[in-house]
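Numbers 1 to 329, taken from UniProt numbering, label the letters of the sequence shown in order. For reference, the structure is listed below as structure tokens.
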Amino acid sequence: MTGLTMTSPLLKTPATGATATVRVPGTSANLGPGFDSLGLAVSLYDTLSITVLETPALEFELSGEGVESLPRDASHLVVKTMDLVWERLGYSRGGLRVSASNVLPHGRGLGSSASAIVAAIMAANALVAPADQQDDAWVLQLASELEGHPDNVAPAIFGAVAVSWQEAAGFASAKVMPHAGVIPVAAIPDVELKTERARGMLPATVPHADAAANSGRAALLMHALSAEPTLLLAGTRDYLHQDYRAEAMPGSAALVAQLRQEGHAAFISGAGPTVMTLANGVEEAELIVHRINELGASTSMPAISGVSWRVLRLQVDLEGAKVEVHPSL
Ligand SMILES: Nc1ncnc2c1ncn2[C@@H]1O[C@H](COP(=O)(O)OP(=O)(O)O)[C@@H](O)[C@H]1O
Ligand SMILES: N[C@@H](CCOP(=O)(O)O)C(=O)O
Numbered sequence: 001m002t003g004l005t006m007t008s009p010l011l012k013t014p015a016t017g018a019t020a021t022v023r024v025p026g027t028s029a030n031l032g033p034g035f036d037s038l039g040l041a042v043s044l045y046d047t048l049s050i051t052v053l054e055t056p057a058l059e060f061e062l063s064g065e066g067v068e069s070l071p072r073d074a075s076h077l078v079v080k081t082m083d084l085v086w087e088r089l090g091y092s093r094g095g096l097r098v099s100a101s102n103v104l105p106h107g108r109g110l111g112s113s114a115s116a117i118v119a120a121i122m123a124a125n126a127l128v129a130p131a132d133q134q135d136d137a138w139v140l141q142l143a144s145e146l147e148g149h150p151d152n153v154a155p156a157i158f159g160a161v162a163v164s165w166q167e168a169a170g171f172a173s174a175k176v177m178p179h180a181g182v183i184p185v186a187a188i189p190d191v192e193l194k195t196e197r198a199r200g201m202l203p204a205t206v207p208h209a210d211a212a213a214n215s216g217r218a219a220l221l222m223h224a225l226s227a228e229p230t231l232l233l234a235g236t237r238d239y240l241h242q243d244y245r246a247e248a249m250p251g252s253a254a255l256v257a258q259l260r261q262e263g264h265a266a267f268i269s270g271a272g273p274t275v276m277t278l279a280n281g282v283e284e285a286e287l288i289v290h291r292i293n294e295l296g297a298s299t300s301m302p303a304i305s306g307v308s309w310r311v312l313r314l315q316v317d318l319e320g321a322k323v324e325v326h327p328s329l
């Protein structure tokens, strides 16, 4: 490691030889009625390691999701995001080795782009001189700006359940610990839906009655999630986005409807098409896993069985993204 050097009178460079490693959870946003504001972190993790090279090369060691399709140049989301961080902090990039082990599926509503942005910001921030490093509130602000909404990035940074909002001063978020009985079950279809496309399906305005009903459910959901999980089914009812997007994910819409009819708190995870269900305890979680597999195998509901589902019983991640630097700066 050669330490921090000056490339011009104005720009510093990150410490060559140092490696920052970030482990970042995936997230499930909206949780039904919390469009663009609520999200929770789940126990699926991407790992990103960035090494600052002495040469100007960009090297990529990618594995897992997106290995065939992600760019291997400065247009890679991680590199673009790190460049922006360093520009804002008065640094310039030289060469980098980007090693990414991607577990989060892309375009499925589990916040892969948000987690990649958070990991990149945290890695870039950890590689500048300690005096230039920024706090988590700064990370939240920049990540929300880049993602366009805070509901995925906040739980990816802080873990647990995040309630996020925006005002003149910027984005902010409160961390809420879930009741220990809450278990997320993800049903991930083998089809992708870009968040951008799903956002384009939303109307510019909604009826006041829907907005009012949605506010009540969002408030109820926070009580259900933190104190009374028997109310999760009522608390996860959404009026603002799921119906408008259903035609882009008919199998997911059918699965949500069927699980809710059977009494389980199912909703579209983020912009979809993953279906997330919040179980109240292990017994209900096992029942939900069994039931989704059964519906997927039965010919009686072709909208559901026409899709191939990967069903995962998860946990709520309580800690959020973690970064380590070797050797330490
Ligand atoms: N780990 C990653 N590294 C680089 N780019 C990523 C990564 N994860 C996601 N992306 C980019 O984000 C896109 C998916 O974003 P989006 O449509 O918002 O879906 P998601 O719900 O998974 O966030 C991918 O197609 C890819 O371009
Ligand atoms: N509130 C956003 C959430 C998008 O989440 P993602 O995991 O699909 O990126 C929306 O509903 O558009």
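Yeah, the Cβ is synthetic: ideal placement off N, Cα and C, and Gly gets one too.
With a 10 Å radius around its C-beta and 16 neighbouring C-beta atoms as the bar for buried, classify residue i as buried or exposed.
i      : result
Trp165 : exposed
Ser269 : buried
Glu284 : buried
Thr5   : Summary for Thr5: the model assigns pLDDT 49, below 50, so the residue's position carries little reliability, and this model does not support an answer.
Asn293 : exposed
Val282 : exposed
Glu65  : buried
Arg23  : buried
Counting only the same chain and skipping the five closest in sequence on each side, list residues whose C-beta sits under 7 Å from that of residue i.
i           : result
residue 410 : One cannot answer for residue 410 here, as it falls past the ends of the chain, which runs 1 to 329.
Asp317      : Pro25, Ala41, Val42, Ser43, Gly159
Ala154      : Gly39, Leu140, Ala162, Ser164, Ser173
I want to check one thing, is the minimum distance from the CB of residue i to the heavy atoms of ligand 1 below 7 Å?
i      : result
Glu196 : yes
Ser113 : yes
Val78  : yes
Arg108 : yes
Asn102 : yes
Leu96  : no
Leu202 : no
Gly90  : no
Gly270 : yes
Leu70  : yes
Which whole-angstrom value describes the C-beta separation of residue i and residue j, a residue pair presumed to lie in contact below a C-beta threshold of 8 Å?
i      : j      : result
Val307 : Val191 : 7 Å
Asn125 : Val78  : Their Cβ separation, rounded to whole angstroms, is 13 Å, which puts Asn125 and Val78 out of contact at 8 Å.
Arg217 : Arg237 : 5 Å
Met222 : Val176 : 7 Å
Thr230 : Asn280 : 6 Å
Val311 : Val185 : 7 Å
In its own chain, which residues sit with a C-beta less than 8 Å from the C-beta of residue i, not counting the 5 before and 5 after it?
i      : result
Gly107 : Glu192, Leu193, Lys194, Thr195
Ala248 : Leu193, Arg197, Ala198, Met201, Gly272, Pro273
Leu53  : Thr16, Glu59, Gly94, Gly95, Leu96, Arg97
Glu262 : Arg291
Leu314 : Val42, Ser43, Leu44, Ile183, Pro184, Val185, Ala186
Any heavy atom of ligand 2 inside 7 Å of the beta-carbon of residue i?
i      : result
Leu314 : no
His223 : no
Arg151 : According to the sequence shown, residue 151 is Asp rather than Arg. Correct: Asp151 has its Cβ closer than 7 Å to ligand 2.
His241 : yes
Asp36  : yes
Can you name the residues that DSSP bridges to residue i?
i      : result
Pro184 : Leu278
Asp46  : Val24
Glu59  : Arg97
With a CB to CB cut of under 6 Å and the five nearest residues on each side skipped, what residues in its chain are close to residue i?
i      : result
Thr21  : Ser49, Glu324
Ala100 : Leu48, Leu62
Ser112 : Leu104, His106
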